[in-house]
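Below is one structure, written out as structure tokens; comments come after it.
Numbering (my numbering), first residue to last: 28 to 401.
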């Protein structure tokens, strides 16, 4: 047998046995999604059991002297809810069924496929492949991986920023996906501005950059400090877009690059600016906001809108010059505005200082601008 195959043995368990030993049977791995079944699906399950019809087998594994259900959580939850009178079937609770109906329900035999020679990685892969009754959301698929990067995303998804500012979906692990964005931005080279599309998040969730996360707590702290700055600068903002939170986070990163303390600015200093920009982008055909997970669109946006910070934040002459140089870095695809040499990190575009002295690379010729999506 291949090492990538999991052996399983069939078992049958009556619902009466489930009721008698709930602590043993009602357990789920931490990467399992929560209940998402609609009322019609729940009613259909109860009817199937009462009529003695066929149900697909549940998939489970044993660990720590308990049975953990890998596939079948919604079925098991619905059964227990009905037994506890928390769910009505045709306006009838379990306790109001006749004695014959109750016995028929409790005697129903559930079939389990109990996995034997499993590893954690094989369990997670099996879980992803099994989810075909209710399709997993992208966020749930991300959540099913195990890595340092995902552990960081899980922690920061509990930050108040994702409760007070992000007003989008909170069920089915959506905040964890939103938390993956700043993790990816912090771990990219150069940091902050990078591809944030699904293939990149997948690789990160799988652990492709875990070797670069030396200290999980330090990374969490670094991200949470920027999220605190977001709460301060974007006070009273409420957005339903996960991608819009990327724009906020990058703006705080830009202030860091410009050596501007966000907490020295008034609370809500960027609220009006952000609200206007978000509305403008949402209303545009082929919205930049929709495509803001792409590096080219991030570069195009900041190359166009970065100078607006000069008036919004009343910047000094020195900071104004930094903003203009940084704008050039975006528009010229990470090239020094004086010598036009490739520069990986925005801070290093100021290696000539601010005296506008002659660049040492006197032979450098400005390159032709590439087309950037509007």
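Ideal Cβ placement from N, Cα and C applies to all residues, glycine included.
Note that this is a predicted model, so its numbers are computed, not measured.
Under a Cβ-count criterion, where at least 16 other Cβ atoms within 10 Å of its own Cβ denotes burial, should residue i be classed as buried or exposed?
i	result
residue 171	buried
residue 354	buried
residue 36	exposed
residue 299	exposed
residue 216	exposed
residue 67	exposed
residue 27	The chain is shown from 28 up to 401; residue 27 falls before or after that span and cannot be answered.
residue 102	buried
residue 307	exposed
residue 339	exposed
residue 241	exposed
residue 104	buried
residue 47	exposed
residue 190	exposed
residue 335	exposed
residue 90	exposed
Alpha carbon to alpha carbon, what distance is there between residue j and residue i?
i	j	result
residue 115	residue 99	20 Å
residue 123	residue 54	28 Å
residue 59	residue 277	32 Å
residue 357	residue 333	10 Å
residue 155	residue 125	40 Å
residue 183	residue 118	42 Å
residue 351	residue 202	35 Å
residue 247	residue 173	17 Å
residue 38	residue 86	10 Å
residue 253	residue 279	7 Å
residue 178	residue 236	13 Å
residue 111	residue 73	13 Å
residue 43	residue 49	10 Å
residue 160	residue 150	Interpretation of residue 160 is limited by its pLDDT of 48, a score under 50 that renders its predicted location unreliable; the figure taken from the coordinates is listed afterwards. Going by the C-alpha atoms only, they are around 18 Å apart.
residue 92	residue 181	27 Å
residue 275	residue 301	8 Å
residue 127	residue 121	12 Å
residue 144	residue 290	54 Å
residue 293	residue 153	50 Å
residue 176	residue 370	27 Å
residue 313	residue 108	Only weak support is given to the placement of residue 313: the predicted model assigns it a pLDDT of 45, under 50, and the value that follows is read from those uncertain coordinates. Between residue 313 and residue 108, the C-alpha separation is close to 46 Å.
residue 245	residue 269	24 Å
residue 328	residue 322	10 Å
residue 239	residue 226	19 Å
residue 373	residue 361	7 Å
residue 348	residue 342	10 Å
residue 344	residue 64	59 Å
residue 232	residue 78	43 Å
residue 249	residue 331	28 Å
residue 211	residue 218	8 Å
residue 185	residue 206	9 Å
residue 324	residue 317	10 Å
residue 399	residue 359	Per-residue confidence for residue 399 stands at a pLDDT of 33, beneath the threshold of 50, marking its modelled position as unreliable; no derived number is given.
Give the range of the alpha helix (DSSP H) segment to which residue i is assigned.
i	result
residue 331	322-332
residue 186	Here residue 186 belongs to no alpha helix (DSSP H), and DSSP marks it neither H nor E.
residue 279	269-284
residue 170	165-170
residue 42	42-47
residue 89	Premise fails: residue 89 lies in the beta strand (DSSP E), 85-90, not in any alpha helix (DSSP H).
residue 354	344-358
residue 257	243-260
residue 54	That residue, residue 54, is in no alpha helix (DSSP H); it is neither H nor E in DSSP.
residue 119	Where residue 119 is concerned, there is no enclosing alpha helix (DSSP H), given that its DSSP letter is neither H nor E.
residue 206	201-214
residue 225	225-233
Closest by CA to residue i, which one among the options?
i	options	result
residue 40	155, 136 and 251	136
residue 261	113, 193 and 142	193
residue 285	178, 346, 72 and 75	346
residue 208	327, 143 and 319	319
residue 220	143, 188, 326 and 337	326
residue 337	287, 175 and 274	287
residue 148	73, 56, 189 and 52	56
residue 188	256, 113, 165 and 282	256
residue 229	134, 240, 204 and 243	204
residue 258	297, 206 and 76	297
residue 213	165, 77, 266 and 283	283
residue 34	129, 295, 146 and 317	146
Span of the beta strand (DSSP E) holding residue i?
i	result
residue 138	136-142
residue 419	Here the chain comprises residues numbered 28 to 401, so residue 419 is not present and cannot be evaluated.
residue 338	Segment 335-339 is the alpha helix (DSSP H) holding residue 338; no beta strand (DSSP E) there.
Pop quiz: residue i and residue j are said to be a contact at Cβ under 8 Å. What is the actual Cβ separation, rounded to whole angstroms?
i	j	result
residue 84	residue 138	4 Å
residue 88	residue 82	Actually they are not in contact, since the Cβ atoms of residue 88 and residue 82 sit about 19 Å apart, beyond 8 Å.
residue 200	residue 251	About 19 Å separates the two Cβ atoms, so there is no contact after all.
residue 223	residue 264	Not confirmed; about 20 Å, so no contact.
residue 15	residue 80	Residue 15 falls outside the range modelled here, since the chain spans only 28 to 401, and no answer is possible.
residue 106	residue 45	7 Å
At a cut-off of 6 Å, is residue i close to the ligand PLP when judged by its beta-carbon and the heavy atoms of the ligand?
i	result
residue 35	The model on display carries no ligand, and the ligand PLP is accordingly not part of it.
Cβ of residue i less than 7 Å from any chain D Cβ?
i	result
residue 300	Looking at the structure shown, chain D is missing, and only one protein chain is on hand.
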